[in-house]
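Take a look at the structure set out below.
Protein chains: 2
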Amino acid sequence: MTGLRERKKQATREALMTAALRLALERGLDNVRVEDIAAEAGVSPRTYNNYFASKYEAITARHTDRVRASVEALRARPAGEPFWDALTEAMVQPWARHAGTTGQAPAPELLAGIRMLSEEPALRAESLKVAFAADGELAAAIAERVGADPARDLYPSLVAVTVTAAVQAGVAHWLRADPPVPLVPVLRDCLRALAAGLPAPTE
Amino acid sequence: MTGLRERKKQATREALMTAALRLALERGLDNVRVEDIAAEAGVSPRTYNNYFASKYEAITARHTDRVRASVEALRARPAGEPFWDALTEAMVQPWARHAGTTGQAPAPELLAGIRMLSEEPALRAESLKVAFAADGELAAAIAERVGADPARDLYPSLVAVTVTAAVQAGVAHWLRADPPVPLVPVLRDCLRALAAGLPAPTE
DNA sequence: AGAAAATTTGCTGATCACGCAAAATCCTTC
DNA sequence: GAAGGATTTTGCGTGATCAGCAAATTTTCT
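If you read the protein sequences in the order shown, they are chains A and B.
Per the numbering used here, numbering of the first sequence is gapless, rising by one per residue and ending at 213.
Per the numbering used here, numbering of the second sequence is gapless, rising by one per residue and ending at 213.
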């Protein structure tokens with residue numbers, strides 16, 4: 011079923027994503043026009059907009075995929091697993107390959123890309139948008155798992171939204187850790203703290 | 011010190027905000043151009059952009075003010091107050107006047123405005139942007155209060171970001187509650203749960 | 001009143017995003 | 001393997017947003 015058509019579509023999508031990211035990293039976000047990205051990917055500018063609705067979508071597409079992957083990962087966790095274990099693993103998983111627990115440093119280009127997402131205001135906004143756009147689905151998956159009604163109960167959406175936020179905080183902390191630290195444990199800490207409660211440290 | 015200049019500036023800002031909101035509610039967001047808002051406020055289109063950088067900023071300006079107000083409110087809480095009490099009150103305060111604990115229903119126009127913020131994707135994105143743009147400041151205020159170093163400690167930013175998210179969830183829940191419920195208790199519940207931990211309901 | 005400072009405004013240019021229809025490409029069926 | 005159908009790409013045109021710049025207007029200060 012993987013016709014040439016689908017493969018080509020995936021390929022241009024991929025080409026546009028990497029072109030956008032590469033150019034933005036090289037020249038700075040403001041010196042990249044849609045036209046440039048399209049040219050780099052060997053495609054007409056009009057086609058760019060068939061794939062991505064805004065100039066920034068292509069750059070944040072990887073992040074969009076990560077977010078969606080978390081939702082799917084949660085749905086794929088074994089049924090017996092305790093809820094917070096499942097949720098933690100699901101949230102961590104898409105980040106694991108970037109910067110695992112092992113000492114190996116993440117690819118610098120990849121890190122620069124993530125850093126740009128959190129430093130360029132326009133990309134930060136786009137990232138937030140996709141993260142919280144998906145959180146209806148995340149809430150639904152959570153509701154399903156804990157047996158709640160997502161429309162009436164506050165719990166699923168509260169957990170979905172705060173977990174999403176906690177991951178953001180974890181990534182941000184990871185980005186600014188001076189002796190670099192591995193990301194995955196940071197994320198686990200965030201989620202464990204969230205599950206257990208956030209009392210003030212000194213009280 | 012309240013020269014005519016400053017008063018006029020406040021007035022046009024206010025006029026632009028209300029004009030933008032009114033038009034968006036009346037016609038739908040997509041049928042409002044910057045030009046229309048400026049005309050409604052009796053000002054040139056170019057001036058609109060001196061006040062607001064995007065078409066959506068004016069509409070979400072009230073929300074922006076709420077977010078900022080929370081940060082200031084936290085800084086203004088009495089020093090002896092327990093941390094989570096202070097934080098809860100600070101987050102709730104800007105919303106309190108809209109829909110307090112008392113039975114009085116909120117002004118329908120006001121409610122429609124808030125609902126539009128969470129239903130129109132573009133406005134939702136803008137709201138998220140301002141909420142999380144301010145959360146560096148919120149984290150700083152939290153760090154100050156609990157005596158932490160916002161650059162090194164994860165706690166302040168984790169709390170800031172999750173609290174912001176929890177408020178979002180609370181407001182969203184309030185908006186879809188079928189027999190309407192007062193907002194403030196919902197927000198308090200969200201924040202109490204966040205502070206105490208979010209174990210799965212049935213485990 | 002008159003100079004200095006700040007704000008408003010019109011103009012302009014760069015860019016973006018999308019509708020539409022023609023051209024190009026891929027897939028299916030005979 | 002060729003014709004016909006379906007999908008994608010592309011070019012063109014349109015409407016709109018946003019920011020820089022300099023002139024005009026308004027407020028403030030002396």
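C-beta atoms are modelled at their ideal positions from N, C-alpha and C, and glycine is treated no differently.
Closer than 7 Å to chain B by CB, residue i
{"i": "V156/A", "result": "yes"}
{"i": "H73/A", "result": "no"}
{"i": "S80/A", "result": "no"}
{"i": "G207/A", "result": "yes"}
{"i": "L138/A", "result": "yes"}
{"i": "F62/A", "result": "no"}
{"i": "A175/A", "result": "yes"}
Assigned exposure category for residue i - 16 Cβ within 10 Å defines buried
{"i": "A68/B", "result": "buried"}
{"i": "E18/B", "result": "The residue asked about is misnamed: residue 18/B is Lys in this sequence, not Glu. K18/B comes out exposed."}
{"i": "S64/B", "result": "exposed"}
{"i": "L33/A", "result": "buried"}
{"i": "P104/A", "result": "buried"}
{"i": "R155/B", "result": "buried"}
{"i": "L168/B", "result": "buried"}
{"i": "A29/A", "result": "buried"}
{"i": "A176/B", "result": "buried"}
{"i": "H118/A", "result": "The sequence given here places Pro at residue 118/A; His does not occur at that position. The residue in question, P118/A, is exposed, as its Cβ has fewer than 16 Cβ neighbours within 10 Å."}
{"i": "T12/A", "result": "exposed"}
{"i": "D188/B", "result": "exposed"}
{"i": "L193/B", "result": "buried"}
{"i": "V102/B", "result": "buried"}
{"i": "A149/A", "result": "buried"}
{"i": "Q178/A", "result": "buried"}
{"i": "P55/B", "result": "exposed"}
{"i": "P92/B", "result": "exposed"}
{"i": "R202/A", "result": "exposed"}
Candidates the options, of which the one nearest residue i by Cα
{"i": "A141/B", "options": "L35/B, F62/B and A71/B", "result": "A71/B"}
{"i": "R162/A", "options": "P160/B, L168/B, A150/B and A182/B", "result": "A182/B"}
{"i": "Y66/A", "options": "E154/A, L127/A, A153/A and D199/A", "result": "L127/A"}
{"i": "A210/B", "options": "E16/A, A96/A, R87/A and A30/A", "result": "A96/A"}
{"i": "A122/A", "options": "P92/A, L35/A, N59/A and A89/A", "result": "L35/A"}
{"i": "A106/A", "options": "A21/A, S80/A and G13/A", "result": "S80/A"}
{"i": "E99/A", "options": "C200/A, L208/A and R43/A", "result": "C200/A"}
{"i": "E130/A", "options": "M27/A, T12/A and D40/A", "result": "D40/A"}
{"i": "A89/A", "options": "E16/A, G157/A, M101/A and V194/A", "result": "G157/A"}
{"i": "Y61/A", "options": "L193/A, E50/A, R23/A and D159/A", "result": "R23/A"}
{"i": "R198/A", "options": "P166/A, A151/A, W94/A and V171/A", "result": "W94/A"}
{"i": "A174/A", "options": "A206/A, D46/A, K139/A and L185/A", "result": "This sequence places Thr at residue 174/A; Ala is not what is there. The shortest Cα separation from T174/A among A206/A, D46/A, K139/A and L185/A belongs to K139/A."}
{"i": "P116/A", "options": "T57/A, V53/A, L164/A and V191/A", "result": "V191/A"}
{"i": "R186/A", "options": "Y58/A, I124/A and P160/A", "result": "I124/A"}
{"i": "R87/A", "options": "V196/A, Q20/A and I152/A", "result": "I152/A"}
{"i": "E82/A", "options": "A132/A, Y58/A, R43/A and G146/A", "result": "G146/A"}
{"i": "R243/B", "options": "G207/B, S137/B and P160/B", "result": "Chain B is shown from 11 up to 213; residue 243/B falls before or after that span and cannot be answered."}
Minimum Cβ-Cβ distance from residue i to chain A less than 7 Å
{"i": "P235/B", "result": "Nothing about residue 235/B can be read from this structure; chain B reaches only from 11 to 213."}
{"i": "T172/B", "result": "yes"}
{"i": "F93/B", "result": "yes"}
{"i": "S167/B", "result": "yes"}
{"i": "Q178/B", "result": "yes"}
{"i": "L164/B", "result": "yes"}
{"i": "A135/B", "result": "yes"}
Please give me, in chain order, every unbroken run of the alpha helix (DSSP H) with length at least 4 that falls completely inside the region 46 to 96 of chain B.
55 to 61 and 67 to 86
What residue ranges within the region 124 to 149 of chain A form continuous alpha helix (DSSP H) runs of no fewer than 4 residues, ordered along the chain?
131 to 143
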